[in-house]
Every structure is written in structure tokens, then in C-alpha cells.
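Q: Numbering (my numbering), first residue to last: 3 to 176. By construction, the Cβ of each residue, glycine as well, lies at the ideal position given by its N, Cα and C atoms. I am attaching a structure below and will ask some questions about it afterwards.
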């Protein structure tokens with residue numbers, strides 16, 4: 003592998019909950035860095051610090067969280083804005099976190115293709131796997147990259163087809 007990929011040991015939805023836990027604790031503790039132990043304890047069911055540790059490399063690689071003081075982390079401004087907006091409007095929350103994902107290698111690889119035309123999920127996974135130099139055993143870790151783009155409101159997945167979603171205010175190119 004030449005790219006950091008999401009873990010396949012934690013389901014995608016739980017990874018989003020983990021991110022929300024880092025942001026929520028940071029916002030409620032006066033802006034102090036958050037440990038994996040603190041974030042894990044806030045989840046239901048709880049996760050151990052070591053389990054959260056398998057998700058951290060990807061989260062830090064794409065700047066969702068930044069390591070501070072050894073084993074503590076600070077959420078990105080975009081993640082904090084996402085968490086703040088989440089309970090009020092999920093579409094607004096996606097708009098807040100989208101710019102962070104627009105700086106990722108996997109966005110930069112897929113977005114130009116998807117702006118031209120929708121692609122099959124299998125094709126997208128193939129493009130990403132080749133770029134990451136992933137082997138067969140890594141493919142389960144490539145798929146969530148597309149899910150993260152959907153989470154950020156950048157793509158939609160429908161019936162195995164991945165389509166680009168223009169940012170609000172953008173005109174869709176035809």
C-alpha cells in the first residue's frame with residue numbers, strides 16, 4: 003500500500019460515530035485534546051482505546067483529527083463545524099465537512115471522472131485500488147473511501163452507480 007486506507011475492523015457508520023465523539027468531547031471539555039480512551043468511552047457500546055487506534059491513522063492522514071500531546075487528538079475545524087450542524091441539518095453538516103474531503107487524494111482521483119459521467123462502484127474501487135497499490139486483501143478497505151465521499155455529500159451511490167453531487171452553488175456540468 004502507498005496510501006493510508008480506512009480500517010475494515012470498524013463498520014463505516016461506527017467510524018462516523020467515533021468522529022462525532024472526538025468532536026463532541028472536544029467541544030464539551032473546553033477545547034482540550036481528546037484521548038482514544040475518552041472517545042471510546044463516549045460511544046454506545048463502548049470501544050477500547052486500542053480499537054479506536056485502528057481508525058486513527060486514516061483520520062489523521064486526511065486531517066479529520068490531528069495528533070497532539072502523544073495519544074490525544076484535536077478535531078479539525080471542519081469536523082467541529084460538522085458536529086455542531088449535525089443535529090440541526092444533516093445537509094448543512096455535509097456542506098461543512100465537504101471542503102476537507104475535497105483535499106483528499108481519493109476525491110482528486112474520482113471527482114474528474116465522476117464529473118464527466120457516473121461510474122460503477124466496482125470501477126471506482128478499481129481506480130482507487132490501483133492508485134493505493136492495494137492488493138486483493140485490501141479491497142475491503144478501499145470501498146469505505148467512496149462511503150466517506152458520500153458522507154461528505156460529494157457523491158451519491160444508487161444501485162451500484164456512483165454519481166458526482168455538485169456543491170451547492172455549483173452548476174452541474176453536462
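Return the first residue and the last residue of the beta strand (DSSP E) that residue 77 is part of.
A: 74-77
Q: Roughly how many whole angstroms lie between the Cα atoms of residue 65 and residue 161?
A: 30 Å
Q: Under 8 Å, do residue 120 and residue 164 count as touching if we go by C-beta distance?
A: yes
Q: Can you tell me which of the three DSSP states residue 48 falls into?
A: coil
Q: Could you give the first and the last residue of the continuous alpha helix (DSSP H) run that contains residue 148?
A: 141-153
Q: Assuming residue 93 is part of the alpha helix (DSSP H), what are its boundary residues?
A: 92-103
Q: The beta strand (DSSP E) with residue 11 in it runs from where to where?
A: Segment: none, residue 11 is in no beta strand (DSSP E) and carries neither H nor E.
Q: Which term fits residue 72, buried or exposed, when burial requires 16 or more other beta carbons within 10 angstroms of its beta carbon?
A: exposed
Q: Whose C-alpha, out of 108, 4 and 36, is nearest the C-alpha of residue 150?
A: 108
Q: Between 52, 90, 61 and 92, which has its C-alpha nearest residue 77's C-alpha?
A: 61
Q: Under the DSSP definition of a beta bridge, which residues are partnered with residue 166?
A: 157
Q: Going by C-alpha to C-alpha distance, which of 116, 81, 146 and 112 sits closest to residue 98?
A: With distances taken between Cα atoms, residue 98 lies closest to 81.
Q: For residue 132, count neighbouring C-beta atoms within 10 Å of its own C-beta (all shown protein chains included) and say buried if the count is 16 or more, exposed if not.
A: exposed
Q: With three or more C-beta pairs closer than 8 Å as the rule, is the region 49-58 touching the region 6-22?
A: Yes, since at least three Cβ pairs between the region 6-22 and the region 49-58 fall closer than 8 Å, the two stretches touch.
Q: What residues in its chain sit with their C-beta under 7 Å from that of residue 175, if we drop five residues either side in the sequence?
A: Note on residue 175: pLDDT 45, under 50, position unreliable in the model; no value is reported.
Q: What's the C-alpha gap between residue 42 and residue 79?
A: Cα to Cα, the separation comes out at about 21 Å.
Q: So, using beta-carbon positions, are residue 85 and residue 3 closer together than 8 Å?
A: Taking 8 Å as the Cβ cut-off, residue 85 and residue 3 do not qualify as a contacting pair.
Q: Going by DSSP, what residues sit across from residue 68 in a beta bridge?
A: 76
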